[in-house]
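Q:
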Amino acid sequence: MTRPHLLFVYNADGGPLNALKDLWHKTVSPATYDCQLCAVTYGPLGMRREWRDFVRSLPASVTFLHRDELAAQHGVQGVALPAAFVLDGAQVHPWLGAAQVREARTLDDLMSLVRASLPTTGPTAGPTTGPT
C-alpha cells in the first residue's frame with residue numbers, strides 16, 4: 001500500500017509581501033479574511049505547532065501551496081479555495097472542497113475533518129513541505 005500525497009491549497013498568493021498583507025488582514029478584520037485554512041492553521045508567528053505536529057503524524061505525504069503556486073505548478077485554476085487535493089502522479093484530484101474547509105471554524109474542526117476523510121492509498125510522493 002502506498003501513502004497518499006495530499007495537497008493543501010491556501011486561498012492566498014505566495015511571497016513575503018502577500019504574507020504581510022494576509023497577516024494584517026487576519027489581524028484587523030478576521031471576519032472578512034478569505035482563507036479559513038490560513039486562519040486556523042497559522043498564528044502571528046507562523047504555522048501553529050499543533051497543526052504542524054498533526055500533519056507530520058499523518059500516514060501521507062503533505063504539500064502546502066498558495067493559489068498562484070497551484071496554477072503555476074499544476075495548471076489548476078478556477079477552483080474554489082481553500083481546498084485540499086490528492087496528487088496522483090501529475091493529476092490533481094479534489095479531496096476536501098472549499099465549503100468543507102470553510103466550515104472548519106477551529107483547528108480541532110479541521111483536524112477532525114482531515115482524519116475522517118483521509119484517503120488510505122495513493123502514489124508515493126516526496127517529503128512534507130511548507131509554504132514559502
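Position 19 of the sequence shown, counted from 1, bears residue number 19 in this note's numbering, the numbering being contiguous throughout. Note that the Cβ used here is the ideal one computed from N, Cα and C, for glycine as well.
1. Can you have a look at LEU7 and say buried or exposed, based on whether 16 or more other CB atoms are within 10 angstroms of its CB?
2. Between LEU70 and VAL76, how many whole angstroms is the CB-CB distance? I'm expecting something under 8 Å.
3. Using only the alpha-carbon positions, how far apart do TRP150 and GLN73 sit?
4. Out of VAL101, ALA60, HIS66 and ALA104, which has the shortest C-alpha to C-alpha gap to LEU87?
5. Straight-line CA distance for ALA39 to PRO4?
6. With DSSP collapsed to three states, give me the class of PRO141.
7. In terms of residues, what are the limits of the beta strand (DSSP E) holding ALA84?
8. Report buried or exposed for ARG105, applying the criterion of at least 16 other Cβ atoms within 10 angstroms of its Cβ.
9. So, under 8 Å CB-CB, ALA98 and LEU113 are touching, yes? Tell me the CB distance rounded to an integer number of Å.
A: A quick look at the data gives this:
1. With 16 or more other Cβ atoms within 10 Å, it is buried.
2. The Cβ separation is near 5 Å, so the contact holds.
3. The shown model of the chain, from 1 to 132, leaves out residue 150, and the question about it has no answer.
4. Selected option, being the one with the closest Cα: ALA60.
5. For ALA39 and PRO4, the distance between alpha carbons rounds to 25 Å.
6. In this structure the chain extends from 1 to 132, so residue 141 is not present and cannot be described.
7. Run containing ALA84: 83-88, per the beta strand (DSSP E) assignment.
8. Per the 10 Å Cβ criterion, exposed.
9. Actually they are not in contact, since the Cβ atoms of ALA98 and LEU113 sit about 12 Å apart, beyond 8 Å.
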